[in-house]
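For reference, the structure is listed below as structure tokens.
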Amino acid sequence: MNRKKRGAGKALYAAMAVIAVLIVLAAGVLFGLRRGTIRRESLQDSEAASSTKEMLSAETSVSYAEGVVSLPPSEEKTEGAASDAGTGSALSAASSAVTEPALIDENEAERTEQMLAEQSREARKEDADKLKGVIRAAVPHVGTYAAESGNTGAQAHGGDAKEKKIVMIDPGHQDHAMTDTEPVGPGSGEMKQKLTSGTDGTASGKHEYEVNLEVGLKLRDLLLKRGYEVLMTRETNDISLSNMERALMANSAGADIFLRLHCNSSTDPSQRGALCYKAGPNNPFVGEALIKSGEQLAALLLESQVAATGQNALGLLDGDDMTGINWAAMPAVIVEMGYMSNPDEDMFLAGETGQLLIAGGLANGVDAFFAGGDGGKAS
Ligand SMILES: [Zn+2]
1 MNRKKRGAGK ALYAAMAVIA VLIVLAAGVL FGLRRGTIRR ESLQDSEAAS STKEMLSAET
61 SVSYAEGVVS LPPSEEKTEG AASDAGTGSA LSAASSAVTE PALIDENEAE RTEQMLAEQS
121 REARKEDADK LKGVIRAAVP HVGTYAAESG NTGAQAHGGD AKEKKIVMID PGHQDHAMTD
181 TEPVGPGSGE MKQKLTSGTD GTASGKHEYE VNLEVGLKLR DLLLKRGYEV LMTRETNDIS
241 LSNMERALMA NSAGADIFLR LHCNSSTDPS QRGALCYKAG PNNPFVGEAL IKSGEQLAAL
301 LLESQVAATG QNALGLLDGD DMTGINWAAM PAVIVEMGYM SNPDEDMFLA GETGQLLIAG
361 GLANGVDAFF AGGDGGKAS
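Numbering (the working numbering), first residue to last: 1 to 379.
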């Protein structure tokens, strides 16, 4: 080897050594970056998870502190929309923090999602348990029935679709009156206005037909969850249905009970409380068995409503001039849920909390009615 070659060999060794050092440094930097990224993501995950948990538990405590009979978020359609949206956005915020970064550990993301799903399931189960507690506390006899049978309506009526009881809900009125007339009962020469416009809230400014529909939809959702088949005469305010037509809808659906939801009004603003109309003992259009079962249904609905809401129970009235009761071929009741002419009760009727309590109470009344026998199906 001459000097020239030796010089070239040294240069080559030096270059290789520099390259090796560079490779080691680059690897070290890359490894460090990766570890740093993963650590940051893990931190974000746990923060997102704990903030989700906080939101869930905060919601739970708020709704029960207010005494709201709220529903497990999984199934709700209307009443829980607000709380559902809150939970949903917390979860999606958490999951975007997990999935968006490029260097996220796949297993870690999966574990986090499982953890979030688990927390959400637990929160829902807690909700359901608390709801049962609220209902049992509010309505002692339903609590007893529920404890004896191991559950409420859903199981009492069995999983078989044929055994499901059919509830027809009629939210009273609509966005316009119908001034034509119709017979007040089958075969009657007495004619009555097809539909009146209903009342308005003195404090809330809401129309009665709006409140009736809002409560009706909440009651529908509760009863569906308890295993009933539920039908509505209307799900919108923009419709034209007379009182007779509404009863005929219940008849053709083969409904087991017909619940008509209304709000009351009085010239006396201090007047407040709930009451029910049913067929009276001498109603010429309704058979004896139906009169009896209608009265049972009215009594249970009123009792359960006021137990849940704390309103005054004003009693049961004979509604023999009520077209919708006279045409019905099943126990039919008008629930006057409260007075919109009383500012306090009006605000209760118009608000989310009041409506949920009323719907929860009425659902308990339906459970109690069907728990008491065959429900007095039309004879
Ligand atoms: Zn009304």
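Think of the CB as a built atom: it goes at the ideal place given N, C-alpha and C, for glycine as much as any other residue.
As the structure is a computational prediction, the values presented were derived from the model and not from experiment.
Query raised in the report: Straight-line CA distance for residue 364 to residue 220?
Result: For the purposes of this step, residue 364 is taken as residue 364 along the sequence shown, with counting starting at 1. For the purposes of this step, residue 220 is taken as residue 220 along the sequence shown, with counting starting at 1. Spanning the two alpha carbons is a distance of roughly 12 angstroms.
Query raised in the report: For residue 239, which residues from the same chain have a beta carbon less than 6 angstroms from its beta carbon, with the 5 sequence-adjacent residues on both sides left out?
Result: Here residue 239 refers to the residue found at position 239 when the sequence shown is read from its first residue. Excluding residues within five positions, the ones whose Cβ falls inside 6 angstroms are 174.
**Report entry** ligand 1 site residues, beta-carbon cut 5 angstroms against heavy atoms
**Finding:** 172, 198 and 262
**Report entry** Beta-carbon contacts of residue 230 that lie in its chain and below 7 angstroms, excluding the five residues immediately before and after
**Finding:** For the purposes of this step, residue 230 is taken as the residue at position 230 of the sequence shown. Cβ neighbours of residue 230 beyond the five flanking positions: 167, 169, 220, 223 and 224.
Query - Cβ contact (3+ pairs, closer than 8 angstroms) linking the region 240–257 and the region 182–202 - result: yes
**Report entry** Distance between beta carbons of residue 326 and residue 283, contact taken as under 8 angstroms
**Finding:** Within the sequence shown, the letter at position 283 stands for residue 283. Within the sequence shown, the letter at position 326 stands for residue 326. With 8 angstroms as the limit, residue 283 and residue 326 qualify as a contact, their Cβ atoms being about 7 angstroms apart.
Query raised in the report: At which residues does the beta strand (DSSP E) containing residue 315 begin and terminate?
Result: Along the sequence shown, one-based indexing puts residue 315 at 315. First-last of the beta strand (DSSP E) with residue 315: 313–318.
Query raised in the report: Between which two residues does the alpha helix (DSSP H) carrying residue 323 extend?
Result: On the sequence shown, position 323 is the one that residue 323 refers to. Per DSSP, residue 323 belongs to the alpha helix (DSSP H) from 323–326.
Query raised in the report: Contact check, residue 333 vs residue 278 under 8 angstroms by CB: the rounded distance?
Result: To locate residue 333, count along the sequence shown from 1; it is residue 333. To locate residue 278, count along the sequence shown from 1; it is residue 278. With 8 angstroms as the limit, residue 333 and residue 278 qualify as a contact, their Cβ atoms being about 5 angstroms apart.
Requested in this report: Drop a sphere of 10 angstroms on the beta-carbon of residue 399, count the other beta-carbons inside from all chains shown, and report buried for 16 or more, exposed for fewer.
Outcome: The question about residue 399 has no answer, for the chain in this structure spans 1 to 379.
Requested in this report: Below 8 angstroms CB to CB, which residues in the same chain sit around residue 341 once its five sequence neighbours on both sides are set aside?
Outcome: Start at 1 with the first residue of the sequence shown, and residue 341 comes out as number 341. Cβ neighbours of residue 341 beyond the five flanking positions: 199, 202, 264, 265, 266, 267, 268, 269 and 271.
Query raised in the report: Does the Cβ-Cβ distance between residue 172 and residue 261 come in under 8 angstroms?
Result: Counting from one through the sequence shown, the residue named residue 172 turns up at place 172. Counting from one through the sequence shown, the residue named residue 261 turns up at place 261. It is a contact, given that the beta carbons lie within the stated cut-off.
Query raised in the report: In angstroms, rounded to a whole number, what distance separates the CA positions of residue 185 and residue 178?
Result: Taking the sequence shown and counting its residues from 1, one reaches residue 185 at position 185. Taking the sequence shown and counting its residues from 1, one reaches residue 178 at position 178. Looking at the two C-alpha atoms, the distance is approximately 17 angstroms.
Requested in this report: Kindly give me the distance between the Cβ atoms of residue 337 and residue 250, rounded to whole angstroms, as I take these residues to be in contact under 8 angstroms.
Outcome: Looking up residue 337 in the sequence shown gives position 337. Looking up residue 250 in the sequence shown gives position 250. Actually they are not in contact, since the Cβ atoms of residue 337 and residue 250 sit about 19 angstroms apart, beyond 8 angstroms.
Requested in this report: Compare the Cα-Cα distances from residue 208 to each of 275, 287 and 176 and report the closest residue.
Outcome: Taking the first residue of the sequence shown as position 1, residue 208 is located at position 208. Taking only the C-alpha atoms, the option nearest residue 208 is 176.
Query - residue 360 versus residue 299: straight-line alpha-carbon distance, rounded - result: Here the question's residue 360 lines up with position 360 in the sequence shown. Here the question's residue 299 lines up with position 299 in the sequence shown. Residue 360 and residue 299: Cα-Cα distance of roughly 16 angstroms.
Report task. Can you have a look at residue 346 and say buried or exposed, based on whether 16 or more other CB atoms are within 10 angstroms of its CB? Result -> For this step, residue 346 is matched to residue 346 along the sequence shown. The residue is buried, with at least 16 neighbouring Cβ atoms inside 10 Å.
Report task. Pull up the DSSP beta-bridge partners for residue 236, would you. Result -> In the sequence shown, residue 236 corresponds to position 236, counting from 1. Looking at the DSSP assignment, residue 236 forms no beta bridge with any residue, so it has no partner.
Query - Unbroken beta strand (DSSP E) run spanning residue 258, endpoints - result: Mapped onto the sequence shown, residue 258 falls at position 258. Residue 258 -> beta strand (DSSP E) spans 257–264.
Query raised in the report: Hey, residue 315 and residue 275 are a contact pair by Cβ (cut 8 angstroms); roughly how many whole angstroms apart?
Result: Walking along the sequence shown from the start, residue 315 turns up at place 315. Walking along the sequence shown from the start, residue 275 turns up at place 275. Confirmed, about 6 angstroms.
Query - Backbone CA spacing between residue 291 and residue 351 [nearest angstrom] - result: What you label residue 291 is simply residue 291 of the sequence shown in a count that begins at 1. What you label residue 351 is simply residue 351 of the sequence shown in a count that begins at 1. Going by the C-alpha atoms only, they are around 33 angstroms apart.
Query raised in the report: If we ignore side chains and look at the alpha-carbon of each, how far apart do residue 163 and residue 343 end up?
Result: Taking the sequence shown and counting its residues from 1, one reaches residue 163 at position 163. Taking the sequence shown and counting its residues from 1, one reaches residue 343 at position 343. Spanning the two alpha carbons is a distance of roughly 43 angstroms.
Report task. Compare the beta carbon distance of residue 165 and residue 370 with 8 angstroms and say whether it is the shorter of the two. Result -> As a position in the sequence shown, residue 165 is number 165, starting the count at 1. As a position in the sequence shown, residue 370 is number 370, starting the count at 1. Yes, the pair counts as a contact, with Cβ atoms nearer than the cut-off.
Query raised in the report: Count the other CB atoms within 10 Å of the CB of residue 307; is the residue buried (16 or more) or exposed (fewer)?
Result: Sequence index remark: in the sequence shown, residue 307 carries index 307 (1-based). Looking at its Cβ environment, which holds 16 or more other Cβ atoms inside 10 Å, residue 307 is buried.
Query raised in the report: Any idea what DSSP makes of residue 194, helix, strand or coil?
Result: Your numbering for residue 194 matches position 194 in the sequence shown. Strand, per DSSP.
**Report entry** Sequence-distant residues of its chain with Cβ nearer than 8 angstroms to residue 319 (five each side left out)
**Finding:** The residue given as residue 319 occupies position 319 in the sequence shown. Excluding positions up to five away in sequence, the list reads 277, 278, 279, 280, 325 and 334.
Query raised in the report: CA-CA distance, residue 353 and residue 190?
Result: As a first step, residue 353 is located in the sequence shown; it is residue number 353 there, counting from the start. As a first step, residue 190 is located in the sequence shown; it is residue number 190 there, counting from the start. One C-alpha to the other measures close to 41 angstroms.
Query raised in the report: Cα separation between residue 356 and residue 213?
Result: Against the sequence shown, residue 356 aligns to sequence position 356. Against the sequence shown, residue 213 aligns to sequence position 213. Computed Cα separation, rounded: 13 angstroms.
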